[in-house]
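Below: one structure, written as structure tokens.
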Amino acid sequence: MTTEQAYREYVGANLDRLRRTAYLLCGDWHLADDLTSTVLVKLLRHWKRASEMEHLDAYTRRMLLSAWLDERRRPWRRESFTDRLPERPAAGLDTDQRLDVLSLLARLPPRRRAVLVLRYFCDLSVAETAQALGCSEGTVKSHAARALETLRAGLKEGDPLWI
Amino acid sequence: MDLTQAMLAATDNPPPTSIDIDRLMTGERRRTHRLYAVTGTALAAVLVGGIVVAQQPAGHVEAPGAAHPPAVASEEPPSCGISTQMDDGLLSGKPPLRPVTESCFVGAGRLGDALTTVLSDQLPDTTITPPLPAEIAKLVAGDGYFTAFRVAGGDLEVRLRGSETTTAGFDAWRASRCLQATCRVEQHDGQPVLIRTSTGTVEVVALHADGTMVSALARGGLVEQQLVSIAVAPALTVYP
Numbered sequence: 001m002t003t004e005q006a007y008r009e010y011v012g013a014n015l016d017r018l019r020r021t022a023y024l025l026c027g028d029w030h031l032a033d034d035l036t037s038t039v040l041v042k043l044l045r046h047w048k049r050a051s052e053m054e055h056l057d058a059y060t061r062r063m064l065l066s067a068w069l070d071e072r073r074r075p076w077r078r079e080s081f082t083d084r085l086p087e088r089p090a091a092g093l094d095t096d097q098r099l100d101v102l103s104l105l106a107r108l109p110p111r112r113r114a115v116l117v118l119r120y121f122c123d124l125s126v127a128e129t130a131q132a133l134g135c136s137e138g139t140v141k142s143h144a145a146r147a148l149e150t151l152r153a154g155l156k157e158g159d160p161l162w163i
Numbered sequence: 001m002d003l004t005q006a007m008l009a010a011t012d013n014p015p016p017t018s019i020d021i022d023r024l025m026t027g028e029r030r031r032t033h034r035l036y037a038v039t040g041t042a043l044a045a046v047l048v049g050g051i052v053v054a055q056q057p058a059g060h061v062e063a064p065g066a067a068h069p070p071a072v073a074s075e076e077p078p079s080c081g082i083s084t085q086m087d088d089g090l091l092s093g094k095p096p097l098r099p100v101t102e103s104c105f106v107g108a109g110r111l112g113d114a115l116t117t118v119l120s121d122q123l124p125d126t127t128i129t130p131p132l133p134a135e136i137a138k139l140v141a142g143d144g145y146f147t148a149f150r151v152a153g154g155d156l157e158v159r160l161r162g163s164e165t166t167t168a169g170f171d172a173w174r175a176s177r178c179l180q181a182t183c184r185v186e187q188h189d190g191q192p193v194l195i196r197t198s199t200g201t202v203e204v205v206a207l208h209a210d211g212t213m214v215s216a217l218a219r220g221g222l223v224e225q226q227l228v229s230i231a232v233a234p235a236l237t238v239y240p
């Protein structure tokens, strides 16, 4: 099998998973596609080395997280001054939105959100999550606990998502 | 419903992806090729620059007061038949009207000496060290040769060859190659001379009575009159 074929095969098998993970991280399918493309291009550049890795999935996941965290740091993501107040949804009125897992995740800071996605969607252990995020296991545990606490604060007892 | 199920449900119906693997791979391949090309060009430029610097004569004497003293590289004249990179667009692919019978190697050496004399006359304050390096190319159908000299690191270029056009046809030849307002034809010693100026560059093309076409191009350092004197110099001929 040629290098190109191997790359195509890997991407074909993992594209959907990468897109879904990216979507849960950013909450936007267009941005998720951009992040996935960024990861795939980087992976293609280093495919010779990457294809020999024992944990290639972990490597791509880590690239995805880095791509997303980098995206969050871009200048256009920062605050900007405007002469008009932005339109915001009225808090606490929309039951569907409150129950929507994406709107709940959107309230979390990036790294806590990443911890939840890796732990509950990618089904990683605490140690694997810590490795993917480049932090200690204790940090992962505390991030997860605080993230769940924030989610619970946005729910009422008896809501379908009540954990 | 637990969090895992909620996340799976949230990503259950993804829209069609805009990611095109083929386009992505083609783009990456193009980027890599471009990177190689740029790197190769830069590397070649550095190597060529290094060779040129290494071949500069160590102790050449500069004349006092000369704005751009012609420094002469100590290259050996190449053998006949090489293609020169100094084709300035004067070559049309047609053979000269009058065949050049002199051997190109002999001609290049003779013209190098003649140009040294002409330059010494025009630039008396400058030391010219012969032999001047010549670039030689065979003309079509073996009817002669095209010789080019680079002086002062390319600030002055002189090209000689048998002309494909007559004096009568010179103006039409000029019109087909030179339509800008900065281009004119004058008569010097009964010979038509084309003078073309652009930013920082002056080019003079003279058609000698014997059919030799001489082009002298300067990038600063020489005035127009000096270039005309070089181009019309009788010694610069391919029909000795």
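Protein sequence lines, in the order shown, are assigned to chains E and A. Position 67, counted from 1, in the first sequence is what full-length UniProt numbering calls 67; the numbers after and before it change by one each time, with no gaps. Position 29, counted from 1, in the second sequence is what full-length UniProt numbering calls 29; the numbers after and before it change by one each time, with no gaps. Don't be surprised by glycine CBs; every beta carbon is placed ideally from N, CA and C. Since the structure is predicted, the reported quantities are computational estimates derived from the model, not experimental observations.
State yes or no: is the beta carbon of V11/E nearer than 8 Å to at least one beta carbon in chain C? In the structure shown, chain C cannot be found, because the protein chains are E and A.
Does any residue of chain A have a CB that is nearer than 8 Å to the CB of T36/E? yes
Is the beta carbon of L43/E closer than 8 Å to that of A22/E? no
Can you tell me whether A67/E is buried or exposed, with buried defined as 16 or more other CB within 10 angstroms of its CB? buried
Distance, D22/A Cα to residue 164/E Cα: This structure cannot settle anything about residue 164/E, because the visible part of chain E is limited to 1 through 163.
Proximity winner among V48/A, P16/A and V100/A, relative to P240/A (alpha-carbon distances): V100/A
Is the CB-CB distance between L156/A and V214/A below 8 Å? no
Classify P96/A as buried or exposed, calling it buried when 16 or more other Cβ atoms lie within 10 Å of its own Cβ. buried
Looking at L65/E: is its Cβ nearer than 8 Å to the Cβ of A13/E? no
Is the beta carbon of L40/E closer than 8 Å to that of L35/A? no
At the 8 Å Cβ level, is N13/A part of the contact set with chain E, yes or no? no
Taking just the CA atoms, how far does L194/A sit from P124/A? 25 Å
CB-CB length for T116/A against P133/A, believed under 8 Å: So it is not a contact: roughly 11 Å between Cβ atoms.
Any chance you could list the alpha helix (DSSP H) runs of at least 4 consecutive residues sitting entirely within the stretch 91 to 123 of chain A, in chain order? 104 to 122
Report, in whole angstroms, the separation of the C-beta atoms of T150/E and L108/E, which I expect to be a contact under 8 Å. 6 Å
In terms of residues, what are the limits of the alpha helix (DSSP H) holding R29/A? I21 to Q55
Residue-level contact to chain A via CB, R152/E, 8 Å cutoff: no
For chain A, find out if any of its Cβ atoms is closer than 8 Å to the Cβ of V115/E; answer yes or no. no
Which residues share a DSSP beta bridge with L194/A? V185/A and V205/A
Would you say E28/A touches the ligand ATP, meaning its beta carbon is less than 7 Å from a heavy atom? With respect to small molecules bound, the structure shown includes none, and the ligand ATP cannot be examined in it.
Quick one: using the 10 Å Cβ neighbour count with 16 as the cut-off for buried, is D33/E buried or exposed? buried
Could you check the C-alpha separation between E128/E and E28/A for me, to the nearest Å? 31 Å
Residue environment, E52/E, which counts as buried when at least 16 other CB atoms sit within 10 Å: exposed
Can you list, in chain order, the residues of its chain whose CB lies under 8 Å from that of G59/A, leaving out five sequence neighbours each side? Any reading at G59/A needs caution, since the residue's pLDDT is 45, under 50, leaving its predicted position unreliable; the model's value is listed next. If we look at G59/A and ignore the five residues flanking it on each side, it has no Cβ neighbours.
Enclosing alpha helix (DSSP H) for Y145/A [first to last residue]: Segment Y145 to V151 is the beta strand (DSSP E) holding Y145/A; no alpha helix (DSSP H) there.
Proximal residues, the stretch 33 to 49 of chain A versus chain E, C-beta separation under 9 Å: none
Proximity of A6/A and L24/E at Cβ, strictly below 8 Å: no
T3/E, DSSP secondary structure in three states: helix
Proximity of R19/E and T4/A at Cβ, strictly below 8 Å: no
Take residue 234/E and list the residues in its own chain whose beta-carbon comes closer than 8 Å to its own, dropping the five residues that flank it on each side. In this structure chain E extends from 1 to 163, so residue 234/E is not present and cannot be described.
Comparing C-alpha positions only, which one of I230/A, V202/A and A233/A sits nearest to R219/A? V202/A
By the DSSP assignment, the beta strand (DSSP E) with V238/A in it spans what residues? Premise fails: V238/A is in no beta strand (DSSP E) and is neither H nor E.
Which residues bound the beta strand (DSSP E) around S215/A? T212 to A218
For L124/E, three-class secondary structure by DSSP: coil
Give the straight-line distance between the Cα atoms of A114/A and L222/A, rounded to the nearest whole angstrom. 19 Å
Beta carbon of V118/A, beta carbon of L227/A: below 8 Å? no
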